[in-house]
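Residue 1518, in this note's numbering, is where the sequence shown stops; the numbers in between run on with no holes.
The structure under discussion appears below in the form of structure tokens.
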Amino acid sequence: MKRIVLTGGGTAGHVTPNIALLPKLQDLGYKIDYIGSYDGIEKKLIESYEIPYHGISSGKLRRYFDVKNFTDPLKVLKGYGQAIRILKKLKPNIVFSKGGFVSVPVVLAARHCKIPVMIHESDITPGLANKLAFSSAMKVCCNFPETLQYLPEGKAVLTGSPIRDELMKGDRVQALNFCGFTVKKPIIMVIGGRIGSVYINQIVREALTELLEKFQIIHLCGKGNIDEAFSQVRGYVQYEYIKDELKDLFAASDLVVSRAGANAICELLALHKPNILIPLSAAASRGDQILNARSFEKQGFSYVIEEEKLTKEVLLQAVNKVYEDRGTYRRAMEKSDQMDSVETIIRLIEKEAK
């Protein structure tokens, strides 16, 4: 039996592309295991698919001063030892890494055990975790043509991002029933994301009265961000997180407001959803979302609002413009050759696993 170990975590964006590969890997007869942190978001997401999960110690590698910089390297070293023991026991044909700091000890352990490694980099510029892992990889996949210049020569492959097949099978009617919405008004879905969603949530709620004159709103506001003061507002629903119903909510949405994580925007592209991107500011991140958003804006896929410029008035103006021009955005996305990359990545996995 062929066996593959998947790894990656810290955010959902480091997990969902791995999830997108599961059905095809299972069809090909792979035994699949996952290595992640003890209690990261990846554990919850993967275990719901009944994939064997192996937790290891992990620590964040920072470019800035923090007291934890003195202790986290020890956690990484411990995770490296744990990963070696797990890989020697599982004896996989290949390790596929989606990045995040928990993936570093796993990739290094695979190199120690002489197991082939493939890496996927979602953003235009590689993150620190993947940079540390590049030398151990046979192939490095990426989403954007702009990324190729930052990747090791001879290893880089432009594949795009794996998209979960289930997202393409949504039912609009089921979404309307789930939300209690009418067919008479278009729907906006706001995806705040787990990190940095508080300000977007605030602005959306400030603009709610005006938005609800024309639209119905689905608000994915993140854990702990439900505001009970708005729980009875007609035409507005809020959820911390949605899993099984997400495909239906996408099917029902006429416009999406989102952060600009690479996997999230690639899903919007695959679904041809007119969208407004509000990337995390450079002050709160390494600026990768800004680059992702500008790339999509340049290609005509997205309307971009810088977080520093986000106000109620700016949001309302953007929503009205994008909805009015929604056909133009859809046509640009339909012409894109950045297609779902599951088949391409699976072919590379099959080749390297041999």
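The beta carbon of each residue, even a glycine, is placed where N, CA and C say it ideally should be.
Using the beta-carbon count (16 or more within 10 Å), is residue i buried or exposed?
| i | result |
| --- | --- |
| E1211 | exposed |
| Y1493 | buried |
| G1245 | exposed |
| K1303 | buried |
| V1206 | The question names Val, yet the displayed sequence has Glu at residue 1206. By the neighbour-count rule (16 or more Cβ atoms within 10 Å), E1206 is buried. |
| G1173 | buried |
| E1285 | buried |
| T1323 | buried |
| R1423 | buried |
| L1413 | buried |
| M1497 | buried |
| G1243 | buried |
| Y1202 | exposed |
| Q1313 | exposed |
| P1216 | exposed |
| V1362 | exposed |
| S1505 | buried |
| G1204 | buried |
Check each candidate in the options and name the one with the smallest Cα separation from residue i.
| i | options | result |
| --- | --- | --- |
| S1300 | R1450, Y1314, T1323, V1271 | V1271 |
| I1327 | K1518, E1516, I1510 | I1510 |
| K1253 | H1218, Y1405, S1395 | H1218 |
| S1325 | T1311, Q1338, E1317, D1335 | T1311 |
| V1420 | A1482, T1323, N1182, E1317 | A1482 |
| R1275 | S1286, V1259, D1287 | V1259 |
| D1293 | E1317, A1273, L1315, V1266 | In the sequence on display, residue 1293 carries Ala and not Asp. Ranking the options by Cα distance to A1293, first place goes to V1266. |
| P1443 | S1395, L1474, S1261 | L1474 |
| F1308 | Y1487, I1469, S1500 | S1500 |
| A1184 | E1507, L1512, I1367 | E1507 |
| L1238 | I1220, M1165, Y1403, L1186 | I1220 |
| Y1213 | S1201, I1196, G1388 | I1196 |
| E1488 | G1200, K1166, P1350 | P1350 |
| D1121 | F1460, R1490, E1516, V1478 | Outside the shown range of the chain (1165 to 1518) lies residue 1121, about which nothing can therefore be said. |
| K1107 | A1496, N1389, H1383, L1170 | Only positions 1165 to 1518 of the chain appear in the structure, and residue 1107 is not among them; the question remains open. |
| Y1198 | D1236, M1165, P1256 | P1256 |
| I1454 | I1440, N1439, E1470 | E1470 |
| I1355 | M1497, G1318, L1432 | L1432 |
| C1277 | E1477, R1490, A1247, Y1403 | A1247 |
| K1387 | V1268, K1378, E1404 | E1404 |
| K1378 | R1249, I1352, S1505 | I1352 |
| N1439 | S1445, R1458, N1389 | R1458 |
| G1520 | G1200, G1264, T1289 | Limits of the chain in this structure are 1165 at one end and 1518 at the other, which puts residue 1520 out of reach. |
| F1345 | P1316, P1216, V1321, I1381 | I1381 |
| A1434 | L1512, I1364, M1332, N1389 | M1332 |
| K1437 | R1495, I1390, S1395 | R1495 |
| A1415 | E1477, L1251, S1505, V1347 | V1347 |
| E1330 | I1390, L1512, L1186, S1449 | L1186 |
| V1240 | R1249, G1223, G1264 | G1223 |
| T1175 | R1167, M1165, Y1194, G1200 | G1200 |
| G1264 | G1291, R1249, L1251, A1273 | G1291 |
| E1477 | V1321, K1166, I1367, A1273 | I1367 |
Looking at the secondary structure, which residues open and close the beta strand (DSSP E) in which residue i lies?
| i | result |
| --- | --- |
| R1167 | 1167-1171 |
| L1419 | 1419-1422 |
| I1279 | Unbroken run through I1279: none, as it is neither H nor E. |
| V1266 | First-last for V1266: undefined, no H or E at that position. |
| S1466 | 1466-1468 |
Could you pull the start and end residues of the alpha helix (DSSP H) that residue i belongs to?
| i | result |
| --- | --- |
| I1429 | 1426-1435 |
| L1441 | No alpha helix (DSSP H) contains L1441, which is instead part of the beta strand (DSSP E) from 1439-1441. |
| F1460 | 1452-1462 |
| V1362 | 1362-1370 |
| V1259 | Element bounds for V1259: not the alpha helix (DSSP H) but the beta strand (DSSP E), 1258-1261. |
| P1478 | Before going on, a small fix: residue 1478 reads as Val here, not Pro. Start and end: 1476-1488. |
| T1508 | 1506-1517 |
Could you tell me whether the Cβ of residue i comes closer than 8 Å to any Cβ of chain B?
| i | result |
| --- | --- |
| R1511 | The chain inventory of the structure shown lacks chain B, comprising one protein chain alone. |
Write down every uninterrupted run of the beta strand (DSSP E) in the stretch 1282-1356 whose length is 3 residues or greater and which is fully enclosed by it, in chain order.
1303-1306, 1320-1322, 1351-1355
Quick one: which unbroken beta strand (DSSP E) runs of 3-plus residues sit fully inside the stretch 1375-1416? Chain order, please.
1380-1384, 1400-1403
Quick one: complete alpha helix (DSSP H) runs, 4+ long, within the stretch 1178-1254?
1180-1191, 1205-1211, 1236-1254
With a cut-off of 8 Å, do at least 3 Cβ pairs link the stretch 1395-1404 to the stretch 1419-1438?
no
Measuring CB atoms only, is the stretch 1266-1281 touching the stretch 1180-1193, in the sense that at least three cross pairs come out at less than 8 Å?
Taking a cut-off of 8 Å for Cβ pairs, the stretch 1266-1281 and the stretch 1180-1193 do not touch, as fewer than three such pairs fall below it.
Should the stretch 1167-1186 be called in touch with the stretch 1424-1432, which here means at least 3 C-beta pairs below 8 Å?
yes
Evaluate contact between the stretch 1465-1473 and the stretch 1285-1299, counting only Cβ atoms and requiring at least three cross-stretch pairs below 8 Å.
no
Answer yes if the stretch 1474-1489 comes into contact with the stretch 1368-1388, meaning at least three C-beta pairs across the two stretches below 8 Å, and no otherwise.
Output reads yes: the stretch 1474-1489 touches the stretch 1368-1388.
Validate contact between the stretch 1407-1417 and the stretch 1334-1343 using beta carbons, cut 8 Å, 3 pairs
yes
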